[in-house]
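Residue numbers (our numbering), protein chains in the order written: chain A, 777 to 1348; chain B, -2 to 235.
Data block below; observations after.
Encoded structure:
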């Protein structure tokens, strides 16, 4: 049945004549849509990165005009902090890790010709495009740009007189609502496709881990976003129609928003994290030439981590004024999340053990991401502990911690994925020397940027302070900001090799073979780049995704659809 | 103590907050060194060499999974230790409040602080309240601060006291501390409260108990004198 369905769609796709507009703009091909998501994500990363530059320079040399901008007013600073967070989480991380890689990989890795709902897929990416435009507009309308923080706590976000932002925050909420709609459509598509369109023989226990992670992430998003959509509508109504959902003087409650926001906000971190971890888990076995260690244990851990992420949200609210008796149960549950993540991390490390490791650019980025994410993971324990959080909450420690989780996964994991699947996506090979240079610069300058911020956090420095010289206790911590700013400038400049590599290799890179890495998963059985409809013949899967260096097989890899006679029984 | 080296704590519970941070710091650094060490060691030791094939290890059997599950069990033990330490400290700081020697009402608003003391009668709201720009408290005594906001969410954060509490409009949240060292410490609003959030700085002045009483009496006397002058001025105008 699955095979028949795939076959019909497959034939159908081959008979569409394509104009330039239907191929590049209004495309229903999941691969083109993935590239559109990637383009939106990378362009928005430029905007978010520019804001990071302005924020960092202001913090290092407060009150001095910033090269390329001029003097930054306190209100503009708050708007930059707000938009940097909003852009990076919702308009860079989700488009790249879910939108681009979910779209590109799910059909190809399950041997399907396209997504289950190609037109809905096109609508998702176009909704995201409109959302991005609305978000850009929110920064340009009269009154202030959105400036209530990416978390948008009311009453500051609810009452225009408090923030000075009128249409800015209204459009910000509209942009978020559109973004959520886009990923709701995308999530439904991902889950449906992965469940219904797998090639014959591709059971759930033979699915590549990244597919597991993409569908778990989508399911988490679908489960958690509803309350925040309701919360955002209430906030918008408070702003434009004068309702009082969050107005304490008229019986509303500002804490309601925090609960709704973080009920979504914590799973959202895993919505971003899981696809990136999944990509790292595809790359590790290929370049260690070894099976991914503990495939089933990882899948169970993913599901447990996903479930736990739905019941830990109040660790963002220990000192918010909620009932203090809630803190300890939420603290215990939060710290418990370290367990499934420990399984994943130990499994990644164990995959290296007795491997035959090739240090290609994707592998270097994966190892850089793993190493940096270790710090992100262990520093999370500080903030999960209700007692340590009394001191560290809303400090630079928090800023350093979440950059140590999100940056390694989103950017290092994302770059690992871009380099690894570049030959498949564009049919060309990228430049290894430029890729390695990019990895080294990113890794070094990333650490130089954010290690000092942990120190500032231990010194008690609160985040979102425009002019730190106002406080005596912050003056001795100022040099950390200066170091971090040099790091950030280096980190931004360190992306130039990537930009050069991306465009130069796309135009004049060496032609890529079908399977340049000798990898097992199905996308490497399709031509590079795959045509509309993906596969010449529907693949018949006979094995799991990670049969590398199987004893008794001449080559050190066996494609998932390849039937081989093993001369010696496989160990383990 | 890691936070202690950056900023000394000066309340009766600052030590136990620092202790939890320190405990987590030691465990976190320990785990990080071991895991990062393994990543580096494996990467170097098992780099590709001609003629050496990788081992086919799937990690699917319990025997192999033990390499993951035993360290995970160890991590769980560390987690429980942190939970236990943190739970006690949280109870001390945020649980049942010890009875106060002094109670001060704190009003936060964009972008300043007001601290209200009762007048001679020792009661709030009888028309004799003292309103101050700095929070004066006696050392070595339990102080209650009743935190209220006029507009948005603010946060009463005194880094040196290791005390942080959000202030919600529409609620009065009581927090407590007992400062051990006389001196002047800063209050930093640490919840984003608007464009000039950075300027919402306040001061805690911790005095020796006698000095505190002297200060309070002087302020009350000045207040009474000012009230009397105001009254006569009003009468004169009439």
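Here a beta-carbon is modelled for each residue, glycine too, at the ideal position from N, C-alpha and C.
Remember, predicted model here, so these are calculated numbers, not experimental data.
Query                                                                                                                               : Result
7 Å Cβ cutoff met for residue 151 of chain B and residue 170 of chain B                                                             : no
For residue 1099 of chain A and residue 1169 of chain A, the rounded distance between their alpha carbons                           : 17 Å
4 or more residues per run - each alpha helix (DSSP H) lying fully within the stretch 1055 to 1095 of chain A                       : 1071 to 1085
Min CB distance residue 1242 of chain A to chain B below 7 Å                                                                        : yes
Buried/exposed call for residue 40 of chain B, threshold 16 Cβ in 10 Å                                                              : buried
Selection of the stretch 40 to 62 of chain B by Cβ proximity to chain A, strictly under 8 Å                                         : 40, 43, 44, 45, 46, 49, 50, 51, 52, 53, 54, 55, 56, 57, 58, 61 and 62
7 Å Cβ cutoff, residue 1164 of chain A in contact with chain B                                                                      : yes
Three-pair Cβ contact test at 8 Å for the stretch 1110 to 1117 of chain A versus the stretch 1165 to 1184 of chain A                : no
Contact with chain B by residue 1119 of chain A, beta-carbon distance below 7 Å                                                     : yes
Strand pairing of residue 181 of chain B, partner residues [DSSP]                                                                   : B/202
Cross-chain neighbours of residue 1249 of chain A in chain B, by beta carbon under 7 Å                                              : 4, 156 and 183
Touch test, the stretch 1053 to 1069 of chain A against the stretch 995 to 1008 of chain A, Cβ-Cβ under 8 Å, three pairs minimum    : no
Counted within 10 angstroms of its Cβ, other Cβ atoms place residue 1286 of chain A as buried (16 or more) or exposed               : exposed
Buried versus exposed, by CB contacts within 10 Å (16 or more), residue 1252 of chain A                                             : exposed
Close beta carbons around residue 1126 of chain A, own chain, < 8 Å, minus the five adjacent residues each side                     : 1069 and 1070
Between the CA atoms of residue 1027 of chain A and residue 1121 of chain A - distance to the nearest angstrom                      : 47 Å
Start and end residues, alpha helix (DSSP H) containing residue 1335 of chain A                                                     : Careful: residue 1335 of chain A lies outside any alpha helix (DSSP H) and carries neither H nor E.
Rounded C-alpha distance that separates residue 847 of chain A from residue 822 of chain A                                          : 21 Å
Start-end ranges of the alpha helix (DSSP H) lying completely within the stretch 1118 to 1202 of chain A, minimum 4 residues        : 1137 to 1160, 1162 to 1168, 1172 to 1183 and 1190 to 1202
C-beta contact flag for residue 1066 of chain A and residue 63 of chain B at 7 Å                                                    : no
First and last residue of the uninterrupted beta strand (DSSP E) at residue 129 of chain B                                          : 127 to 129
Residue burial classification, residue 790 of chain A (beta-carbon count within 10 angstroms, cutoff 16)                            : In this prediction, residue 790 of chain A scores a pLDDT of 49, lower than 50, which makes its location untrustworthy; no coordinate-derived value is stated.
Beta-bridge partners of residue 114 of chain B, as assigned by DSSP                                                                 : B/127
Where the alpha helix (DSSP H) through residue 1212 of chain A begins and ends                                                      : 1208 to 1234
Start-to-end residues for the alpha helix (DSSP H) that takes in residue 914 of chain A                                             : 894 to 916
Partner residues on chain A for residue 133 of chain B, Cβ-Cβ distance less than 7 Å                                                : Within chain A, no residue comes near residue 133 of chain B; the closest Cβ sits about 18 Å away, beyond 7 Å.
Interface flag, residue 1024 of chain A vs chain B, CB-CB below 7 Å                                                                 : yes
Residues of the stretch 1049 to 1072 of chain A with Cβ closer than 7 Å to any Cβ of chain B, in chain order                        : 1064, 1065, 1066, 1067, 1069, 1070, 1071 and 1072
Rounded separation between residue 14 of chain B and residue 159 of chain B - CA only                                               : 7 Å
Segment contact, 8 Å Cβ cut-off, at least three pairs: the stretch 1198 to 1217 of chain A with the stretch 1123 to 1142 of chain A : yes
Inter-stretch contact (C-beta, 8 Å, three-pair minimum) for the stretch 806 to 822 of chain A and the stretch 886 to 901 of chain A : yes
Within-7 Å CB hit, residue 941 of chain A to chain B                                                                                : no
Residues sharing a beta bridge with residue 979 of chain A, DSSP                                                                    : Paired residues: none, contrary to the question.
Cβ contact (3+ pairs, closer than 8 Å) linking the stretch 1149 to 1164 of chain A and the stretch 1071 to 1085 of chain A          : no
Identified DSSP bridge partners for residue 171 of chain B                                                                          : B/143
8 Å Cβ cut-off: residues of chain B touching residue 932 of chain A                                                                 : 149, 150, 189, 190 and 191
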